[in-house]
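Heads up: the structure comes next, in structure tokens.
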Amino acid sequence: MGFAVVVAAFALLLPLPAAAAPRTGHPDRRPDRTPSAERPTMRCTGPASFTRGGSPLFEYADGGWSPSPREAMPDQWLAKLYTEVLGCAPDQVSYFHDRSLISSRGCTADTLRSMAEDFLTSRQFTSRRYDARQRLLVLWRVGRESEPDPAVFAGQYRDLAVGRRSWRQIVRSMFSSDEFDRMTVRICSGARYGWAPMSAIDLPDTWKDRLLRFFGVLGNGNGADLQAVLDRARPGTTVRLAPGAVVRIDGQVVIPSGVRLTTVGSPKPLAYASMARLVRTRTTGGPMIVLSPGAALTNVWVDGQRADPAVGIDHDSISIDVRAGAGETVLRDNRISNPAGWSNVVLRAGDGLTSDAPALVTGNLFTGYSTKFHYTETEATNDMSTNQWGFADAVSNSYGNTLVADNQMVDVTDVSVVMFRVAPSTGHQRSVARDNVVVNAGNSGWAAFTVDQLAGEQGRWDFAGTEISHNLVWTSPNASLLTVAGIGTQPWFGEAGHGTGPVRFVDNTTGRVRINTQMAFSVSRMSDVTATGNSILATLRQHTACPTTYVGVEDAPGLVIDVPHEEVVFEPFLQIPAWSRGCLVVHW
């Protein structure tokens, strides 16, 4: 019996959530804001987004969650105006202001055309240090939600280069086309989409590229070219790639210990289109990029290309494998998108090493648009024997001493940051995730954060010092998280191991937005947890076979908590023929 069928069968047996008093109906999930202006506000997320407060903490909605959009609104496309045009996650107030403009004007081709033109001709965008090629690449990512058509792109580039058309005219022509009018029907339905099935193209060569090649900087090429350059690099040196270069990787590229790989000029995610781009060309059953202990990958765009028909989905074809444990291992200021496998980034100790040395995952922009949350979206490729589904993590951390900070994660469909148990021979899990922003706009997801013992009831695992603090998590009205955080993963596995703290889940917030979820967070099979200072505004709906409650607690001795919570049983579903047999797995 297929897994989706098993899940559907269990779902039919589940009652809708019992009545809870008081019910206040469907809340307004929009943040407090000034009256609508004529133009979008276009603000990136920042420290001002980390607002707190709101009352009540939670409300119950009637009925369960439907996989279909609840509102005919272009939430994923609107999120792309921020991530693809501005290179950032949206500020909450800005996002909901722009969403209200669409709602008041009607979601039509004219409305979306006007908003896209405002973004693409704004000072915020035109101040980015992009050349004409890089601007055009951004234009295609919102105007067609696609890699460019090579012939059309070449014509647009020639027109800009010789002054035949201005940037504003090129933008207007892209959105005044019949093709965009047809796209609008899908965009305005609120349907989850991702990217069109196209391969990345090489950007046209310029005199700057030729000059950089003269000085030994690698431009467009393949994985073998890049590996040859890296192999010649000595520890303590930096290998630089040309801005906008596309390096096609059909195997694995290893960054040696002590070597840094970056883009000339060190562009940050705000200017991601000027980064060199490492592109997967096929699935291999292994990572595309390996960071050796003490290596660094900074200011580079790593693209798993899941939407490319030549790539697709393969469980073990992750994007980046970080092997830490000697010196400082760094993943910083990158754009990381669309993994072919189960995660964008996996961290672990290098062979024979402990977790004494630090690993840093900071300042990156993750997007998961082409990954899928619902089982039914990937029925043709689901494989229970390999645990292959459509969803993917942003950061899967099996290294004991990692700082995951100041990252932005948009439309991640599995868990944005996982703190896995670690083998005692390498130390114990004591990593910190702080000051990250998690937004689910078009895609739903499992959770923003987990502290994960994995399956195996007899195991006992040390998580002393693990901390998840001061993170911002929110959803659009058309997306949800099954839970914001699982401090312990009994809801996932049904027979999880036991964890010991102290573990801190503190000062996290949903800002001004009341998110869609079934539980704000859960604490299970984990001792000595402190869960205080969190401001999570939630509309609770039954998404899964787990209990529907604001905070569910099972087997959590020493818990310190300052919000309403309930002792529950996260019932296992042992009939499910898979490793994960918890109530959260039975979702729809």
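Mapped onto this note's numbering, the consecutive letters of the sequence shown carry residue numbers 6 to 593.
Heads up, the beta-carbon is just placed ideally off N, CA and C, and yes, glycines get one too.
Since the structure is predicted, the reported quantities are computational estimates derived from the model, not experimental observations.
Tell me the rounded alpha-carbon separation between Phe-180 and Asp-186.
Position 175 of the sequence shown, counted from the first residue, corresponds to residue 180. Position 181 of the sequence shown, counted from the first residue, corresponds to residue 186. Approximately 8 angstroms between the Cα atoms of the pair.
Looking at Gly-587 and Val-573, is the spacing between their C-beta atoms short of 7 angstroms?
If you number the sequence shown from 1, residue 573 lands on position 568. If you number the sequence shown from 1, residue 587 lands on position 582. The answer is no: Cβ separation not under 7 angstroms.
Along the chain, which unbroken stretches of the beta strand (DSSP E) at least 3 residues long are found entirely within the stretch 345-399?
348-354, 364-367, 370-372
Run through DSSP, which three-state label would Gly-557 get?
Mapped onto the sequence shown, residue 557 falls at position 552. The answer is strand: DSSP assigns Gly-557 an E or B state.
Ala-536 by DSSP, collapsed to three states: which one?
Your numbering for residue 536 matches position 531 in the sequence shown. Strand at Ala-536.
Which term fits Thr-113, buried or exposed, when burial requires 16 or more other beta carbons within 10 angstroms of its beta carbon?
Taking the first residue of the sequence shown as position 1, residue 113 is located at position 108. Per the 10 Å Cβ criterion, exposed.
Quick one: Cα of Gly-538 to Cα of Asp-512, how far?
Working through the sequence shown from its first residue, we reach residue 538 at position 533. Working through the sequence shown from its first residue, we reach residue 512 at position 507. Going from the Cα of Gly-538 to the Cα of Asp-512 covers about 4 angstroms.
Under 7 angstroms, do Pro-507 and Phe-575 count as touching if we go by C-beta distance?
Indexing the sequence shown from 1 puts residue 507 at position 502. Indexing the sequence shown from 1 puts residue 575 at position 570. Not in contact: Pro-507 and Phe-575 (Cβ atoms no closer than 7 angstroms).
Does the beta-carbon distance from Arg-57 to Ser-436 come in below 7 angstroms?
Counted from its first residue, the sequence shown places residue 57 at position 52. Counted from its first residue, the sequence shown places residue 436 at position 431. In this structure, Ser-436 does not lie closer than 7 angstroms to Arg-57 by Cβ.
Presumed contact (8 angstroms Cβ cut-off) between Met-3 and Arg-285, rounded CB distance:
An answer regarding residue 3 cannot be provided, because it is not within the stretch 6 to 593 covered by the chain.
Pair every Cβ in the stretch 461-472 with every Cβ in the stretch 59-75, then say whether three or more of these pairs are closer than 8 angstroms.
no
Quickly, what does DSSP pair Asp-308 with across the bridge? List them, please.
By 1-based counting over the sequence shown, the position of residue 308 is 303. Beta-bridge pairing links Asp-308 to Val-284, Ser-342.
According to DSSP, simplified to helix, strand and coil, what is Val-417?
Against the sequence shown, residue 417 aligns to sequence position 412. Val-417 falls in the coil class under three-state DSSP.
Kindly indicate which three-state DSSP category Thr-126 falls into: helix, strand or coil?
Here the question's residue 126 lines up with position 121 in the sequence shown. Coil at Thr-126, not helix or strand.
By how many angstroms is the C-alpha of His-102 removed from the C-alpha of Arg-35?
Numbered from 1 along the sequence shown, position 30 holds the residue referred to as residue 35. Numbered from 1 along the sequence shown, position 97 holds the residue referred to as residue 102. Note on Arg-35: pLDDT 35, under 50, position unreliable in the model; the coordinate value appears next. C-alpha separation (whole angstroms): 9 angstroms.
Going along the chain, which residues of its own chain have a beta-carbon closer than 6 angstroms to the beta-carbon of Gly-408, five neighbours each way excluded?
The sequence position of residue 408 within the sequence shown is 403, counting from 1. Rather than Gly, the amino acid found at residue 408 in this sequence is Leu. Within the same chain, Leu-408 has close Cβ partners Leu-365, Val-437.
Going by beta-carbon coordinates alone, are Arg-265 and Ala-301 separated by less than 7 angstroms?
Within the sequence shown, the letter at position 260 stands for residue 265. Within the sequence shown, the letter at position 296 stands for residue 301. Against a cut-off of 7 angstroms, the Cβ pair of Ala-301 and Arg-265 comes out as a contact.
The beta strand (DSSP E) enclosing Phe-219, as first and last residue numbers:
Start at 1 with the first residue of the sequence shown, and residue 219 comes out as number 214. Looking at the DSSP string, Phe-219 is not in any beta strand (DSSP E); the run it does join, the alpha helix (DSSP H), is 212-219.
Runs of alpha helix (DSSP H) lying entirely within the stretch 478-557, each at least 4 residues, in chain order:
495-498
Taking the C-alpha atoms as reference points, what is the distance between Pro-153 and Thr-381?
The count along the sequence shown starts at 1 and reaches residue 153 at position 148. The count along the sequence shown starts at 1 and reaches residue 381 at position 376. Using only the alpha carbons, I get a separation of about 29 angstroms.
Should the stretch 198-212 be regarded as contacting the stretch 83-90, the criterion being three or more beta carbon pairs within less than 8 angstroms?
no
Where does the unbroken alpha helix (DSSP H) through Leu-106 begin, and where does it stop?
For the purposes of this step, residue 106 is identified with residue 101 of the sequence shown, where counting begins at 1. Here the alpha helix (DSSP H) through Leu-106 covers 97-110.
I need the straight-line Cα distance from Thr-515 to Gly-59, nearest angstrom please.
Here residue 515 refers to the residue found at position 510 of the sequence shown. Here residue 59 refers to the residue found at position 54 of the sequence shown. Cα to Cα, Thr-515 sits roughly 10 angstroms from Gly-59.
Three-state secondary structure (DSSP) of Leu-266:
Along the sequence shown, one-based indexing puts residue 266 at 261. In this structure, Leu-266 counts as strand in the three-state DSSP scheme.
In three-state terms, what does DSSP make of Arg-146?
Indexing the sequence shown from 1 puts residue 146 at position 141. Here Arg-146 sits in helix by DSSP.
Under a three-way DSSP split, which group does Cys-49 fall into?
Within the sequence shown, numbered from 1, the residue matching residue 49 stands at position 44. Strand, per DSSP.
Where Val-176 sits in the DSSP three-state scheme
What you label residue 176 is simply residue 171 of the sequence shown in a count that begins at 1. Helix at Val-176.
Output the distance between the C-alpha atoms of Arg-75 and Asp-96, rounded to the nearest integer angstrom.
If you number the sequence shown from 1, residue 75 lands on position 70. If you number the sequence shown from 1, residue 96 lands on position 91. Spanning the two alpha carbons is a distance of roughly 22 angstroms.
Give the straight-line distance between the Cα atoms of Phe-220 and Lys-213, rounded to the nearest whole angstrom.
Position 215 of the sequence shown, counted from the start, is the residue given in the question as residue 220. Position 208 of the sequence shown, counted from the start, is the residue given in the question as residue 213. Phe-220 and Lys-213: Cα-Cα distance of roughly 11 angstroms.
Buried or exposed (CB count within 10 angstroms, at least 16 for buried), Gly-30
Here residue 30 refers to the residue found at position 25 of the sequence shown. For Gly-30, the predicted structure reports a pLDDT of 31, less than 50, and the residue's modelled location is therefore unreliable. A value from the coordinates is still provided. It counts as exposed.
The alpha helix (DSSP H) spanning Glu-152 covers which residue range?
Along the sequence shown, one-based indexing puts residue 152 at 147. It is not in any alpha helix (DSSP H) - Glu-152 carries neither H nor E in the DSSP assignment.
Bridge-paired residues (DSSP) for Glu-184:
Position 179 of the sequence shown holds residue 184. Looking at the DSSP assignment, Glu-184 forms no beta bridge with any residue, so it has no partner.
Arg-328, enclosing beta strand (DSSP E) - first and last residue:
Locating residue 328 in the sequence shown gives position 323, counting from the first residue. Here the beta strand (DSSP E) through Arg-328 covers 325-329.
Pop quiz: Ser-375 and Asn-349 are said to be a contact at Cβ under 8 angstroms. What is the actual Cβ separation, rounded to whole angstroms?
One-based indexing of the sequence shown puts residue 375 at position 370. One-based indexing of the sequence shown puts residue 349 at position 344. That pair is no contact at about 12 angstroms.
Within 10 Å of its beta-carbon, does Leu-579 have 16 or more other beta-carbons around it, so buried, or fewer, so exposed?
Within the sequence shown, residue 579 is the residue found at index 574, counting from 1. Answer is exposed; the Cβ neighbour count stays below 16.
Do you know how far the Cα of Thr-189 is from the Cα of Arg-534?
Translated into the one-based positions of the sequence shown, residue 534 becomes position 529. Translated into the one-based positions of the sequence shown, residue 189 becomes position 184. As written in the sequence, residue 534 is Val, which differs from the Arg given in the question. Taking the straight line joining both Cα atoms gives about 47 angstroms.
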